[in-house]
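Student:
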Amino acid sequence: MSGPLLAVDGLVKHFPMDRRRKVQAVNDVSFEIGGGEALALVGESGSGKTTTGRCILRLIQPTAGAIRFDGMDLLAMEPRSFRALRPRIQMVFQEPYDSLSPRMRIGAIVEEPLKLAGSAGPAERLDRVAEILDLVRLGSGTMNRYPHQFSAGQQQRIGIARALATRPDLVVLDEPTSALDVSVRAEVLDLLSDLRADLGVSYLFISHDLTAVRRVCDRVAIMYLGKIVETGETEAIFERPLHPYSRALLSSVLYPDPEVDLPRFTLEGEIPSPINLPRGCHLHGRCPWAESRCEDRYPEVERHDAGRAVSCHRAREMAGA
Amino acid sequence: MPTLLAIDDLHVSFETDRGRTAILHGISLDLEPGQTIGVVGESGSGKTVLVRAVLGLLDAPFAIDGGRIEYEGANLLEYGEAELERIRGRDIALTTPEPRKHLNPLTTIGDQIAKVIRAHADVSKEAAMARAVELLGMVGIPDPELRLAGYPHEMSGGMCQRIIIAMALAHDSKILLIDEPTAGLDVTISRQILDLIRGLVRDRGAAALIVSRDLGVVAHYCRDVAVMYAGRIVEQAEVGTFFRQPLHPYSARLLRAAAAARDRAVGRAEATALLPPALDGCSYAPRCALAEPACEASIPGPAEPAAGRWVRCLRAAAIAHGEVAV
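Protein chains in written order, with our numbering: chain A, 1 to 321; chain B, 1001 to 1326.
#1: Taking C-beta pairs closer than 7 Å, name the residues in chain B that Pro258(A) reaches, listed in chain order.
#2: Under DSSP, the alpha helix (DSSP H) around Gly320(A) begins and ends at which residues?
#3: Which first and last residues belong to the beta strand (DSSP E) in which Leu1005(B) is found?
#4: Comparing alpha-carbon positions, which option in Phe1242(B), Arg1204(B) and Pro1144(B) lies nearest Gly269(A)?
#5: From Ile89(A) to Gly53(A), what does the alpha carbon distance come to, in whole angstroms?
#6: DSSP beta-bridge partners for Asn1075(B)?
#7: So, under 8 Å CB-CB, Ser202(A) and Asp169(A) are touching, yes? Tell me the CB distance rounded to an integer number of Å.
#8: Can you tell me which of Val8(A), Asp257(A) and Arg167(A) puts its alpha carbon nearest to the alpha carbon of Arg87(A)?
#9: Could you tell me whether the Cβ atoms of Ile271(A) and Leu225(A) are closer together than 8 Å?
#10: Confirm, please, whether the CB-CB distance from Leu1103(B) to Met1129(B) is below 8 Å.
#11: Could you tell me whether any Cβ in chain B is nearer than 8 Å to the Cβ of Asp9(A)?
#12: For the region 140-161 of chain A, enumerate the residues whose C-beta is nearer than 8 Å to any C-beta of chain B, in chain order.
#13: Can you name the residues of chain B whose CB is closer than 8 Å to the CB of Val182(A)?
#14: Use the C-beta contact count for Asp1186(B): other C-beta atoms within 10 angstroms, 16 or more gives buried, fewer gives exposed.
#15: Which chain B residues sit within Cβ distance under 7 Å of Leu262(A)?
#16: At the level of alpha carbons, what is the spacing between Ala84(A) and Ala165(A)?
#17: List the endpoints of the continuous beta strand (DSSP E) containing Pro1305(B).
#18: Against Pro967(B), what residues of chain A qualify as contacts under a CB-to-CB distance less than 7 Å, listed in chain order?
#19: Should Ser1043(B) go down as buried or exposed, given a rule of 16 or more other Cβ atoms within 10 Å for buried?
#20: Alpha carbon to alpha carbon, how far is His1153(B) from Ala1114(B)? Give it in angstroms, no decimals.
#21: Quick check: what's the CA-CA separation for Thr1003(B) versus Leu1031(B)?
#22: With 16 as the cutoff for other CB atoms within 10 Å, does Met17(A) come out buried or exposed?
#23: Taking the C-alpha atoms as reference points, what is the distance between Pro1133(B) and Pro288(A)?
#24: Looking at chain A, which residues of the region 1138-1169 of chain B have a Cβ within less than 8 Å of any of its Cβ atoms?
#25: Is there a C-beta anywhere in chain B that falls below 8 Å from the one on Glu44(A)?
#26: Is the CB of Asp1186(B) under 8 Å away from at least one CB in chain A?
#27: Within 8 Å, do at least three Cβ pairs link the region 301-309 of chain A to the region 1014-1033 of chain B?
#28: For Asp181(A), which option in Gly232(A), Leu277(A) and Ala212(A) has the closest C-alpha, if you only look at C-alpha atoms?
#29: At the level of alpha carbons, what is the spacing between Gly1205(B) and Val1239(B)?
#30: Report back the beta-carbon spacing between Leu1050(B) and Val1039(B) to the nearest angstrom; my notes put them in contact at under 8 Å.
#31: Output, in chain order, the set of chain A residues within a Cβ distance shorter than 7 Å of Ala1269(B).
#32: The beta strand (DSSP E) spanning Ser202(A) covers which residue range?
#33: State yes or no: is the C-beta of Leu193(A) within less than 8 Å of the C-beta of Arg214(A)?
#34: Indicate the three-state DSSP secondary structure (helix, strand or coil) for Val29(A) in the structure shown.
#35: Under the rule that 16 or more other beta-carbon atoms within 10 Å means buried, what is Ser81(A), buried or exposed?
#36: Only counting the same chain, and skipping five residues up and downstream in sequence, which positions put a Cβ closer than 7 Å to that of Gln154(A)?
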């Protein structure tokens, strides 16, 4: 395959509220994911990260922009062709129990996407279900049990098994570990890393949990009010965030060690409403670096080394400071 | 230091048609002025039941089977509903991790906060509204005057969470029971709320019990930690000592899991043996790598290996002396 597996270009999604107002959830977002790569989409509530994920699965129709999957234009596709493609793009949801039908046995839950794909007969499907349940370390023996008989961590493994059953190229994971206890969170993150290494699947990992992202993803895109403000390799961003919003977000992480000093880079006030987006840079009203040009126009994307890109008028200047 | 709240040997059970299940098996915990204790443990360990029991908020099928909760010389477990109403929200305030369930969808935010204020203070509606604006400002809600006329459904989950916390701060309560303060809050707002609670405890001589699954919150915002497992406190210690040297095997596992989830440099997470807690003997024994036959025979009593810290584990002394590794 040449070119990226997924290329999102200039994605916009506005939800109309009434005749005059609209929620501007996603405002010109572009990114790419290569084959076997894991990209994190990180941000706080209202950043547009979940809406972006839903647009890719065509669960909602974008207002503008293009989404290419393996070179094909997803948005221009007829529903029938998109359905044929659907086994290659799957999703894992945040609430493991809520996303599993309580009346279906585990085997049937994991088999469902294979049935929808329609390419395999019953015997072949059964083999695949057994194989995938082994792969997520639940064991094929769990096939005849019901979701409520499992712990939250195991339920999330069922959700992961269902997503992987059709051998997708891309899995969109929406906050896959947020609902889990700390004791099982790390295990699920490790499982996701192993599966990617073994299967070569790509992830779009949507999360507000920066540290979960650090364990699983190669690259990170940080979103604020519907725009990506910074992207780069995961470790590089954690070591030295360049955008003021990235700095604030990363310095808010509470590491489970009282001896780790808490760096403080604080922003004033609250995330503004996506209904009335601030003019200029969306962050200027909260940013300690803001100057007059920040109020006037949204900063261009500035490219740095190693695929790092930052949208801030002052990032380069402040990086030296 | 005088004790503000003394929970002593609290037993709570849950009644089902198949009989009684014990939920809390003799919890004892003292809270002093200026102290913040973090209560940690996985879902189902009894953390929320514990804080709700303090204010008499456990309804059937929960039942209190014994113990004392001492506050200002009285046993709160003997209080009637009217006496509890007098201290709820005034002396002892509680926040919930499910804010929407506890806000009235049909009443404005302003009216709900004013009601909480006027329940214990003889002030006019106008004065209560002015105080409500001040409280919403404290928890970082922008344009608080405008928010007063709004309804819960117009607010985000994080906003509702902050409204619940604002209500808990209405009366300068001496005791704050904070259940999952950061659940559903964005990280930048979480820090703001935690700083606020820390300030109240420090400046007003209040005390807080913070229930949290997030060991980062405990590491940075609590003085002490109590680890719960299957309805018992299995270890209690000052935070610095605890993170340096946990003595209960379950605490050690919890710390390793937290580090693994937070740091790429840490090796792979250990697999969780999903075994239910034992009913006899040490409830952690089925999952414990250090368990001996004696662990299955009896429930280890609380041992105090050093002043101010104690642990329920037969092997705690050996662990403390470095004879076995947890």
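Yeah, the Cβ is synthetic: ideal placement off N, Cα and C, and Gly gets one too.
Remember, predicted model here, so these are calculated numbers, not experimental data.
Tutor: Result, derived from the coordinates:
#1: Within the first sequence, the letter at position 258 stands for residue 258(A). Within 7 Å Cβ-Cβ: Ala1219, His1220, Val1239, Gly1240 and Phe1243.
#2: For this step, residue 320(A) is matched to residue 320 along the first sequence. Its alpha helix (DSSP H) spans residues Ala315 to Gly320.
#3: By 1-based counting over the second sequence, the position of residue 1005(B) is 5. Counting along the chain, the beta strand (DSSP E) containing Leu1005(B) begins and ends at Leu1005 to Thr1016.
#4: Position 269 of the first sequence, counting from 1, holds the residue named residue 269(A). Measuring from the Cα of Gly269(A), the nearest candidate turns out to be Pro1144(B).
#5: Along the first sequence, read from residue 1 onward, the residue named residue 89(A) stands at position 89. Along the first sequence, read from residue 1 onward, the residue named residue 53(A) stands at position 53. Using only the alpha carbons, I get a separation of about 11 Å.
#6: Locating residue 1075(B) in the second sequence gives position 75, where the first residue counts as 1. In DSSP, Asn1075(B) forms a bridge with Glu1070(B).
#7: Within the first sequence, numbered from 1, the residue matching residue 202(A) stands at position 202. Within the first sequence, numbered from 1, the residue matching residue 169(A) stands at position 169. About 6 Å separates the two Cβ atoms, so the contact holds.
#8: Reading the first sequence from its first residue, position 87 is the one you call residue 87(A). In the sequence under discussion, the amino acid at residue 87(A) is Pro, which differs from the Arg named in the question. Taking only the C-alpha atoms, the option nearest Pro87(A) is Arg167(A).
#9: Along the first sequence, read from residue 1 onward, the residue named residue 271(A) stands at position 271. Along the first sequence, read from residue 1 onward, the residue named residue 225(A) stands at position 225. For Ile271(A) and Leu225(A), yes; Cβs fall inside 8 Å.
#10: Within the second sequence, the letter at position 129 stands for residue 1129(B). Within the second sequence, the letter at position 103 stands for residue 1103(B). For Met1129(B) and Leu1103(B), no; Cβs fall outside 8 Å.
#11: Your numbering for residue 9(A) matches position 9 in the first sequence. It does not: the Cβ of Asp9(A) has no partner Cβ on chain B nearer than 8 Å.
#12: Ser151, Ala152, Gly153 and Gln154
#13: The residue labelled residue 182(A) in the question sits at position 182 within the first sequence. In chain order: Glu1042, Arg1213, Asp1214, Leu1215, Leu1254, Ala1257, Ala1258 and Ala1261.
#14: Residue numbering aside, residue 1186(B) sits at position 186 when the second sequence is read from its first letter. The residue is buried, with at least 16 neighbouring Cβ atoms inside 10 Å.
#15: In the first sequence, residue 262(A) corresponds to position 262, counting from 1. Within 7 Å Cβ-Cβ: His1220.
#16: Taking the first sequence and counting its residues from 1, one reaches residue 84(A) at position 84. Taking the first sequence and counting its residues from 1, one reaches residue 165(A) at position 165. When rounded, the distance between both Cα atoms is 15 Å.
#17: As a working note, residue 1305(B) is residue 305 in the second sequence. Residues Ala1303 to Ala1306.
#18: This structure leaves residue 967(B) out entirely; chain B is present only between 1001 and 1326.
#19: Indexing the second sequence from 1 puts residue 1043(B) at position 43. It counts as exposed.
#20: In the second sequence, counting from the first residue as 1, residue 1114(B) sits at position 114. In the second sequence, counting from the first residue as 1, residue 1153(B) sits at position 153. Cα to Cα, the separation comes out at about 18 Å.
#21: Translated into positions along the second sequence, residue 1003(B) becomes position 3. Translated into positions along the second sequence, residue 1031(B) becomes position 31. Spanning the two alpha carbons is a distance of roughly 6 Å.
#22: On the first sequence, residue 17(A) is found 17 positions in, with the first residue counted as 1. Exposed, because fewer than 16 other Cβ atoms sit within 10 Å of the Cβ of Met17(A).
#23: Within the second sequence, numbered from 1, the residue matching residue 1133(B) stands at position 133. Within the first sequence, numbered from 1, the residue matching residue 288(A) stands at position 288. Checking the sequence shown, residue 1133(B) turns out to be Val, not Pro. Going from the Cα of Val1133(B) to the Cα of Pro288(A) covers about 26 Å.
#24: Gly1140, Ile1141, Pro1142, Ser1156, Gly1157 and Gly1158
#25: In the first sequence, the residue the question calls residue 44(A) occupies position 44. Closer than 8 Å: yes.
#26: On the second sequence, residue 1186(B) is found 186 positions in, with the first residue counted as 1. At least one chain A Cβ lies under 8 Å of Asp1186(B).
#27: no
#28: On the first sequence, position 181 is the one that residue 181(A) refers to. Measuring from the Cα of Asp181(A), the nearest candidate turns out to be Ala212(A).
#29: Locating residue 1205(B) in the second sequence gives position 205, where the first residue counts as 1. Locating residue 1239(B) in the second sequence gives position 239, where the first residue counts as 1. The alpha-carbon atoms of Gly1205(B) and Val1239(B) are separated by roughly 20 Å.
#30: Counting from one through the second sequence, the residue named residue 1050(B) turns up at place 50. Counting from one through the second sequence, the residue named residue 1039(B) turns up at place 39. Right, their Cβ atoms sit about 7 Å apart.
#31: Here residue 1269(B) refers to the residue found at position 269 of the second sequence. Neighbours of Ala1269(B) on chain A, chain order: Ala186, Glu187 and Asp190.
#32: As a working note, residue 202(A) is residue 202 in the first sequence. Here the beta strand (DSSP E) through Ser202(A) covers Ser202 to Ser207.
#33: Numbered from 1 along the first sequence, position 193 holds the residue referred to as residue 193(A). Numbered from 1 along the first sequence, position 214 holds the residue referred to as residue 214(A). Strictly speaking, residue 193(A) in this sequence is Ser, with Leu absent from that position. Contact: no.
#34: As a working note, residue 29(A) is residue 29 in the first sequence. Looking at Val29(A) - three-state DSSP - the assignment turns out to be strand.
#35: As a position in the first sequence, residue 81(A) is number 81, starting the count at 1. The residue in question, Ser81(A), is exposed, as its Cβ has fewer than 16 Cβ neighbours within 10 Å.
#36: Counted from its first residue, the first sequence places residue 154(A) at position 154. Excluding sequence neighbours, Gln154(A) sits near Leu138.
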